[in-house]
Every structure is written in structure tokens, then in C-alpha cells.
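Worksheet: one structure, shown below.
Numbering (the UniProt record's numbering), first residue to last: 1 to 306.
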């Protein structure tokens with residue numbers, strides 16, 4: 001059975017309301033494309049999201065178009081021979097899209113785990129600090145250390161924002177959220193009217209959606225691997241430069257920093273509980289620069305469904 005046809009059968013078989021949704025989209029997409037505004041009065045956002053998620057609707061020039069109109073129509077036709085295998089094909093036909101990590105993602109994750117050793121093993125920290133000092137040493141010679149930390153916070157905030165914006169599909173995450181809200185609302189309605197049959201189907205759909213959310217969690221963690229891959233060496237250089245860690249000697253000359261509400265403190269002095277001045281200053285700079293970068297580049301990290 002063709003892939004799109006199988007997906008349509010699966011949707012219609014697991015939720016009777018999806019038949020009307022697919023028929024509506026078929027009717028409205030006769031001219032080529034269909035937008036959410038064209039069908040919002042007849043479809044829920046959850047139904048619209050599921051059609052996109054399953055690949056029945058794909059991106060068009062201005063809106064969305066049917067991946068294959070003929071197969072979609074065929075999927076609406078009654079076919080009892082496939083009814084027994086519809087549930088088994090559900091998981092096979094789920095479009096995981098970019099949720100699977102590439103070999104580069106996995107390689108970055110392995111290296112990142114190794115970099116964590118630098119926080120506790122002085123030898124690893126010294127090696128990474130020395131290598132990073134080739135690039136950052138001249139910067140520390142030109143600027144006071146507080147300015148060096150500001151530059152590093154700006155750089156890490158910039159690439160962190162860009163990595164999240166490019167590796168995380170906010171629209172897809174928004175569709176998953178809308179789908180879960182729709183399932184919860186239908187589950188609540190079914191409980192109120194005492195419809196046990198509908199409630200059982202909705203619970204099965206909920207379990208399937210939870211499996212999809214695990215894939216989205218994996219997708220959300222993907223940019224974090226690359227952010228840590230690039231940021232941990234920067235942190236280890238700061239450790240190495242000011243001599244953080246038992247028995248570690250500083251490798252650069254630093255002056256005290258004046259922090260708001262605290263006053264003049266040494267870089268390794270605890271200012272918020274055990275948090276030392278250097279990391280507090282870094283986080284203050286990083287949070288401020290990250291907000292400015294997001295506003296300047298008009299990057300919204302909130303999940304949204306179209």
C-alpha cells in the first residue's frame with residue numbers, strides 16, 4: 001500500500017473525526033494549496049497539525065498542498081483488508097523527520113561527554129586551556145578580564161541562539177503541543193459524556209502522541225549538544241586562566257571586579273553562595289546579550305503552530 005494512503009487509513013481508523021477533516025482539506029485544496037485560515041472553522045488545530053505531522057500536507061509556495069491527492073482519496077475508501085494492520089503500520093508510518101541524529105551529532109555528544117572531564121581532571125583542563133589560550137590569550141592581553149568575559153558571553157550567546165533557531169523546529173513543537181491540548185480536551189469531553197469507546201481510542205492516540213514527544217525531546221536536546229561542545233572549552237579556559245580548582249595557579253593577571261550590590265571582589269570569591277564572581281559575571285552578561293541578540297535578529301524561541 002502506498003505510504004500516503006496508509007497514513008490516511010491510519011488516521012481515519014484511529015479517529016473517526018479525521019475523515020471529515022481529510023475530506024475538507026481535499027475539497028479546499030482542489031486549486032492547489034490550502035491554508036489554515038481556509039479550514040479553521042471546520043478543523044481543530046490538532047487535526048490540522050496531525051495532517052502536517054503525518055506528511056499528508058506538505059509545504060507549498062504560500063501555504064500547504066497535498067503530498068498526493070490521489071493516494072489521499074484512496075485512503076478514504078473503505079478497505080477491510082487493511083483494518084487489521086492499521087495499528088501496526090501506525091508506528092512504522094510515523095514521520096520522525098529530523099528527530100534522528102546524524103553521525104556528526106552523535107560524535108559531538110561523545111566528545112562533549114569527554115570534555116566534562118576537564119572540570120574535575122586538572123590534566124584535561126590544562127590541555128584544553130592551553131589549546132584555547134592560543135586564540136584567547138591575545139584577547140586577554142589586550143583587554144581587562146571583565147571585558148574578555150563579556151566578549152565570550154556575547155560569542156556564546158550568539159552561536160547558542162543561532163544553533164537553537166536552526167536545529168529546533170519551533171513550528172513542529174507547537175503542533176505537538178496543540179495536538180496534546182486537543183487530545184486532552186477530547187478526553188475531557190468523552191469523560192463528561194461517558195463515552196467509553198471514544199475514551200479508549202483517545203487514550204491510544206495519547207500514547208502514540210507521547211511516543212512522538214519523546215522524539216521531540218530528542219530533537220530539543222540536539223542543539224544543546226552542539227552548544228555544550230563549543231561552550232565547555234570556553235569555560236575550561238576561564239578555569240585555567242584564573243586558576244579555578246584546588247591547587248591550580250592562575251595563568252593571567254586579573255584585577256578585582258566591582259559587582260552591583262556586592263562591591264569589589266576577587267574573581268574566585270563566592271558572591272552568591274558557592275558561585276564565584278567570574279561565573280556570576282559571565283551569566284549576567286550572557287543573559288543580557290542573549291536577549292539583545294534574539295530581539296535584534298527577531299528570533300522567537302517559543303513553540304508556535306501555524
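Note that beta-carbon positions come from the ideal geometry of N, C-alpha and C, so glycine has one too.
Use the C-beta contact count for residue i: other C-beta atoms within 10 angstroms, 16 or more gives buried, fewer gives exposed.
{"i": "residue 6", "result": "buried"}
{"i": "residue 182", "result": "buried"}
{"i": "residue 141", "result": "exposed"}
{"i": "residue 207", "result": "exposed"}
{"i": "residue 143", "result": "exposed"}
{"i": "residue 40", "result": "exposed"}
{"i": "residue 9", "result": "buried"}
{"i": "residue 12", "result": "buried"}
{"i": "residue 15", "result": "buried"}
{"i": "residue 54", "result": "buried"}
{"i": "residue 219", "result": "buried"}
{"i": "residue 263", "result": "exposed"}
{"i": "residue 168", "result": "buried"}
{"i": "residue 258", "result": "exposed"}
{"i": "residue 75", "result": "buried"}
{"i": "residue 217", "result": "exposed"}
{"i": "residue 178", "result": "buried"}
{"i": "residue 32", "result": "exposed"}
{"i": "residue 272", "result": "exposed"}
{"i": "residue 275", "result": "exposed"}
{"i": "residue 43", "result": "buried"}
{"i": "residue 108", "result": "buried"}
{"i": "residue 214", "result": "exposed"}
{"i": "residue 277", "result": "buried"}
{"i": "residue 57", "result": "buried"}
{"i": "residue 37", "result": "exposed"}
{"i": "residue 97", "result": "In this prediction, residue 97 has a pLDDT of 42, which is less than 50 and means its spatial position is unreliable; nothing more can be read from the coordinates."}
In the DSSP assignment, find the beta strand (DSSP E) that holds residue i and state where it starts and stops.
{"i": "residue 19", "result": "Taken as a continuous stretch (DSSP letters only), residue 19 belongs to no beta strand (DSSP E), being part of the alpha helix (DSSP H) at 17-28."}
{"i": "residue 259", "result": "257-259"}
{"i": "residue 34", "result": "Counting along the chain, residue 34 falls outside any beta strand (DSSP E), and DSSP gives it neither H nor E."}
{"i": "residue 40", "result": "First-last for residue 40: undefined, no H or E at that position."}
Could you compute how far the alpha carbon of residue i sits from the alpha carbon of residue j?
{"i": "residue 79", "j": "residue 225", "result": "Residue confidence is low: residue 79 scores 44 on pLDDT, short of 50, so the model does not pin down where it sits. No coordinate-derived value is stated."}
{"i": "residue 253", "j": "residue 136", "result": "14 Å"}
{"i": "residue 66", "j": "residue 115", "result": "46 Å"}
{"i": "residue 19", "j": "residue 29", "result": "15 Å"}
{"i": "residue 155", "j": "residue 189", "result": "50 Å"}
{"i": "residue 235", "j": "residue 300", "result": "27 Å"}
{"i": "residue 118", "j": "residue 279", "result": "16 Å"}
{"i": "residue 284", "j": "residue 260", "result": "11 Å"}
{"i": "residue 1", "j": "residue 52", "result": "Since pLDDT at residue 1 reaches only 42, below the 50 mark, its modelled position is unreliable, and the value read off the structure follows with that caveat. If I take the Cα positions, the gap works out to 20 Å."}
{"i": "residue 180", "j": "residue 152", "result": "39 Å"}
{"i": "residue 123", "j": "residue 204", "result": "53 Å"}
{"i": "residue 227", "j": "residue 72", "result": "41 Å"}
{"i": "residue 3", "j": "residue 150", "result": "52 Å"}
{"i": "residue 113", "j": "residue 133", "result": "21 Å"}
{"i": "residue 184", "j": "residue 202", "result": "9 Å"}
{"i": "residue 158", "j": "residue 223", "result": "13 Å"}
{"i": "residue 289", "j": "residue 163", "result": "15 Å"}
{"i": "residue 241", "j": "residue 138", "result": "12 Å"}
{"i": "residue 286", "j": "residue 292", "result": "10 Å"}
{"i": "residue 281", "j": "residue 231", "result": "16 Å"}
{"i": "residue 160", "j": "residue 130", "result": "24 Å"}
{"i": "residue 269", "j": "residue 192", "result": "59 Å"}
{"i": "residue 127", "j": "residue 174", "result": "43 Å"}
{"i": "residue 209", "j": "residue 187", "result": "13 Å"}
Hey, quick one: how far does the alpha helix (DSSP H) through residue i stretch, first residue to last?
{"i": "residue 107", "result": "103-115"}
{"i": "residue 280", "result": "277-297"}
{"i": "residue 45", "result": "45-53"}
{"i": "residue 139", "result": "122-142"}
{"i": "residue 59", "result": "Per DSSP, residue 59 belongs to no alpha helix (DSSP H); it is in the beta strand (DSSP E), 57-59."}
{"i": "residue 73", "result": "69-76"}
What is the DSSP secondary structure of residue i, counted as helix, strand or coil?
{"i": "residue 6", "result": "helix"}
{"i": "residue 272", "result": "strand"}
{"i": "residue 157", "result": "helix"}
{"i": "residue 263", "result": "strand"}
{"i": "residue 182", "result": "helix"}
{"i": "residue 150", "result": "helix"}
{"i": "residue 11", "result": "helix"}
Mind the definition here: the region 189-205 touches the region 55-63 only if three or more C-beta pairs lie below 8 Å; say whether that holds. no
The region 34-54 / the region 99-112 touching (three or more Cβ pairs under 8 Å): no
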